[in-house]
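Chemist: In UniProt numbering, the protein residues as written are 1 to 463.
If you scroll down you'll find the structure; I have some questions about it.
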Amino acid sequence: MEMSRAFCQTCHDAEHESVAHYGPELEVLTSPAQSSRKKREPRRHGLQPAQETPETHFGLSDLGLAADNSSLAPYEDTSQLAALQDHNAYCVPEEAAPLKSLVISSKEVVHQQSELLLSLQGALEASQKECRELQEKAAEANWPLHPKLGESIAQLEAENRNLCCERDQLKSTAQRLRRELDASGATVLSLSRQLRGQQEAQAYHGAFSLETVKENRKWLRFYTGFDEYPRFTAFLDFLLDSSGQRQEESPERWTHSALSPQNQVFLVLVRLRLGLLLQDLAFRFHISESTASRYWLSWTEVMEQKLKQIPVSCSQRYVDTFKPQRLIRHHDMPLVALDCAELFFEAQGRTRSKEEVHWGPRGRYSIPGYALAAPSGYLTFGSGADKELASLPTFLQVGPVVLSAQQEAAKRQVLSFRSLTDKALSFRFLRVVHPQNMEGQVGRAWTISCYLACLLHEPMGLA
């Protein structure tokens, strides 16, 4: 009996350790199993209940009380089945005291677990409540913003729709205008051409130009010195010849000028022939004075350069008999300067006061216009002092000269220097008294006039 109790006590201790180790579920299931096994023990071992009546009665009442307090009576059959299935290996104490202590300890564990569960549930409810409060606060804080955001979004969407409509309208308008522009482009171009033609016709009709005199030989000769319009065009082609120094002065360069190349050359010849002022030329040709001056300066330079390429020969006998003459040297080459004319100028007041020389009436003075004869028998023309000699043509040299076919065809001959001088002075620009600052222009005009006299009169000096 003592061994049985010791064994049961050992099992009871093991039971407590197992309950403590496996948690509340194992503990709850252990108590009903032990009660049911305690009830079946007398029948299993064949013990007489009479001998154990006092002790058994005490143990059963306590066990029943514990069972009632733990509220496990409704689940007795299920607990017994679970005990039979899960706790067959456990030893249930036979005495009531250990069983009671086991039930009490199980109840305490259940109570502790219940309190822990309740506390966890309370904490969960508190956290959920706090979460709901925070959500409500956030909703209350965001609620005023939602209508404003909604209104802003709606307004932006409306503006976007309006802008899309405006863009579509602008696209359609641009396409329509582009079609109209393409359709009217040809009309505008045609009208502009017609207007330009009318303006040119009016300009030619109202302004003084070559077109007004080219059909009349008398007036063409009076204004230019050329007796026929074809000779004038041949002279213009000679000036615009691309093989010469006038390469950059092609006719395309003058497409945007106020005057055509023909009228520009006509303007220069008119001034040479009549000695007109730039103001008069600007009024006649319906251009500005600066434009007339620019035409005059540029074309006189071109004429001088081109005309110096024409070989002009003379007899040595005429050179020797002409007076006055003087001998000058140019790059170790002897040249005879034949003073043919006087070109008059009027000195400026400051110049007269600085230089101690005797001036003529009203401070006028003159420079010689001369012809330069080379030992080769060819001539050129110039003016001013000997030290101001410009570059000379290539055929002015000491030895014999070999001319090209083109130069041979353009060659001219002078038989009388006095007759040549009279023909050159028919260009009245040389007879005008010019300001002192125009010495270079007048000298250039003298050279051009002498070459034009050689070209326009045949035989040279006699006709």
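Note that CB positions come from ideal geometry on N, CA and C, so glycine has one too.
1. Just mark C454 as buried or exposed, buried being the case when its beta carbon has 16 or more other beta carbons within 10 Å.
2. Figure out for me which residue from A374, I310, L456 has the closest Cα to the Cα of A409.
3. Given the structure, does E301 come close to the ligand FAD, in the sense that its CB is under 8 Å from one of the ligand's heavy atoms?
4. Assuming F344 and V433 form a contact by the criterion Cβ under 8 Å, report the distance between their Cβ atoms to the nearest whole angstrom.
5. Can you round the beta-carbon distance between Q325 and V312 to whole angstroms, since I take them to be within the 8 Å contact cut?
6. Buried or exposed: which applies to V402, given that a residue is buried once 16 or more other Cβ atoms fall within 10 Å of its Cβ?
7. Do L430 and A445 have their CB atoms nearer than 9 Å?
8. For S119, does the count of other Cβ atoms within 10 angstroms reach 16, so buried, or fall short, so exposed?
9. Runs of 3 residues minimum, wholly inside the region 264-326: which ones carry the beta strand (DSSP E) assignment?
10. Distance check for K214 and C340, CA to CA, integer angstroms please.
11. Assign K129 to one of two classes, buried (16 or more other C-beta atoms within 10 Å of its C-beta) or exposed (fewer than that).
12. Residue range of the beta strand (DSSP E) that R362 falls in?
13. In whole angstroms, what is the alpha-carbon distance linking residue 468 and S192?
14. Tell me whether G225 is buried or exposed, calling it buried when 16 or more other Cβ atoms sit within 10 Å of its Cβ.
15. By the three-class DSSP mapping on this structure, what secondary structure does G384 have?
16. From A373 to K423, what distance separates their C-alpha atoms?
17. Taking the CB atoms as reference points, tell me whether R428 and L297 lie closer together than 9 Å.
18. With distances taken from CA atoms, which of R412, G197, L259, E342 is nearest G369?
19. For the beta strand (DSSP E) that D339 lies in, which residues bound it at each end?
20. How about L272 and E289: do their beta carbons lie closer than 9 Å?
21. Using DSSP with H/G/I as helix, E/B as strand and the rest coil, what is V103?
22. Compare the beta carbon distance of L327 and F417 with 9 Å and say whether it is the shorter of the two.
23. Relative to the C-alpha of L452, which candidate in E439, F381, L396 has its C-alpha closest?
24. By the 10 Å Cβ neighbour count, where 16 or more other Cβ atoms means buried, how is P93 classified, buried or exposed?
25. Following the continuous beta strand (DSSP E) through R412, name the residue where it begins and the one where it ends.
26. Count the other CB atoms, across all protein chains shown, that sit within 10 Å of the CB of F222; report buried if there are 16 or more and exposed otherwise.
27. Can you give me the C-alpha to C-alpha distance between L307 and G363, rounded to a whole angstrom?
28. Using a Cβ-Cβ cutoff of less than 6 Å, which residues in the same chain neighbour T291 once the five nearest sequence positions on both sides are dropped?
29. Work out the CA separation of C131 and V109 for me, nearest whole Å.
30. Under a three-way DSSP split, which group does A371 fall into?
31. Going by beta carbon distance, what residues of the same chain come within less than 7 Å of P375, once the five residues before and after it are set aside?
32. With DSSP as the reference, please indicate the residues paired to H330 in a beta bridge.
33. Tell me the DSSP secondary structure of H457 in three-state form.
34. Exposed or buried, what is S449 when buried is set at 16 or more other beta-carbons lying within 10 Å of its beta-carbon?
35. How long is the line joining the alpha carbons of H457 and L220, rounded to whole angstroms?
Modeler: Let me spell this out:
1. Here residue 454 is taken as the residue at index 454 of the sequence shown, counted from 1. So C454 counts as buried.
2. Along the sequence shown, one-based indexing puts residue 409 at 409. Checking every option, the nearest Cα to that of A409 belongs to I310.
3. Inclusion of the ligand FAD in the displayed structure is not the case, the ligand content being empty and no account of it being possible.
4. Residue 344 sits at position 344 when you count from the first residue of the sequence shown. Residue 433 sits at position 433 when you count from the first residue of the sequence shown. Yes, they are in contact, since the Cβ atoms of F344 and V433 sit about 5 Å apart, within 8 Å.
5. Here residue 325 is taken as the residue at index 325 of the sequence shown, counted from 1. Here residue 312 is taken as the residue at index 312 of the sequence shown, counted from 1. Q325 to V312, Cβ: 17 Å. No contact.
6. Along the sequence shown, one-based indexing puts residue 402 at 402. The residue in question, V402, is exposed, as its Cβ has fewer than 16 Cβ neighbours within 10 Å.
7. If you number the sequence shown from 1, residue 430 lands on position 430. If you number the sequence shown from 1, residue 445 lands on position 445. Yes, these two residues count as a Cβ contact at 9 Å.
8. Counting from one through the sequence shown, the residue named residue 119 turns up at place 119. Result: exposed.
9. 312-314
10. Position 340 of the sequence shown, counting from 1, holds the residue named residue 340. Position 214 of the sequence shown, counting from 1, holds the residue named residue 214. Using only the alpha carbons, I get a separation of about 33 Å.
11. As a first step, residue 129 must be located in the sequence shown, where it is residue number 129. Classification of K129: exposed, given that the 10 Å Cβ count is below 16.
12. By 1-based counting over the sequence shown, the position of residue 362 is 362. Element bounds for R362: n/a, residue is neither H nor E.
13. Outside the displayed range of the chain (1 to 463) lies residue 468, so it cannot be described from this structure.
14. Position 225 of the sequence shown, counted from the first residue, corresponds to residue 225. By the 10 Å Cβ count, G225 comes out buried.
15. For this step, residue 384 is matched to residue 384 along the sequence shown. G384 falls in the coil class under three-state DSSP.
16. In the sequence shown, counting from the first residue as 1, residue 373 sits at position 373. In the sequence shown, counting from the first residue as 1, residue 423 sits at position 423. C-alpha separation (whole angstroms): 19 Å.
17. Within the sequence shown, numbered from 1, the residue matching residue 428 stands at position 428. Within the sequence shown, numbered from 1, the residue matching residue 297 stands at position 297. Cβ distance not < 9 Å, so R428 and L297 don't count as in contact.
18. On the sequence shown, residue 369 is found 369 positions in, with the first residue counted as 1. G369 has its Cα closest to that of E342, out of R412, G197, L259, E342.
19. As a first step, residue 339 must be located in the sequence shown, where it is residue number 339. D339 -> beta strand (DSSP E) spans 333-346.
20. The residue given as residue 272 occupies position 272 in the sequence shown. The residue given as residue 289 occupies position 289 in the sequence shown. Not a contact, by the Cβ cut-off of 9 Å.
21. As a working note, residue 103 is residue 103 in the sequence shown. Note: V103 maps to helix in three-state DSSP.
22. Taking the sequence shown and counting its residues from 1, one reaches residue 327 at position 327. Taking the sequence shown and counting its residues from 1, one reaches residue 417 at position 417. The answer is no: Cβ separation not under 9 Å.
23. Indexing the sequence shown from 1 puts residue 452 at position 452. Closest by alpha carbon: F381.
24. Along the sequence shown, read from residue 1 onward, the residue named residue 93 stands at position 93. Per the 10 Å Cβ criterion, buried.
25. Reading the sequence shown from its first residue, position 412 is the one you call residue 412. That run of the beta strand (DSSP E) goes 412-414.
26. One-based indexing of the sequence shown puts residue 222 at position 222. Exposed, since its Cβ has fewer than 16 Cβ neighbours within 10 Å.
27. Position 307 of the sequence shown, counting from 1, holds the residue named residue 307. Position 363 of the sequence shown, counting from 1, holds the residue named residue 363. Answer to the nearest angstrom: the Cα atoms are 33 Å apart.
28. Counting from one through the sequence shown, the residue named residue 291 turns up at place 291. Closer than 6 Å at the Cβ level, and outside the excluded window around T291, lie A258.
29. Along the sequence shown, one-based indexing puts residue 109 at 109. Along the sequence shown, one-based indexing puts residue 131 at 131. Roughly 32 Å separates the two Cα atoms.
30. The residue labelled residue 371 in the question sits at position 371 within the sequence shown. Note: A371 maps to strand in three-state DSSP.
31. Taking the sequence shown and counting its residues from 1, one reaches residue 375 at position 375. If we look at P375 and ignore the five residues flanking it on each side, its Cβ neighbours are P334, V398.
32. Translated into positions along the sequence shown, residue 330 becomes position 330. Looking at the DSSP assignment, H330 forms a beta bridge with M333.
33. Taking the first residue of the sequence shown as position 1, residue 457 is located at position 457. Here H457 sits in coil by DSSP.
34. Counting from 1 along the sequence shown, the entry for residue 449 is found at position 449. By the neighbour-count rule (16 or more Cβ atoms within 10 Å), S449 is buried.
35. By 1-based counting over the sequence shown, the position of residue 457 is 457. By 1-based counting over the sequence shown, the position of residue 220 is 220. Computed Cα separation, rounded: 16 Å.
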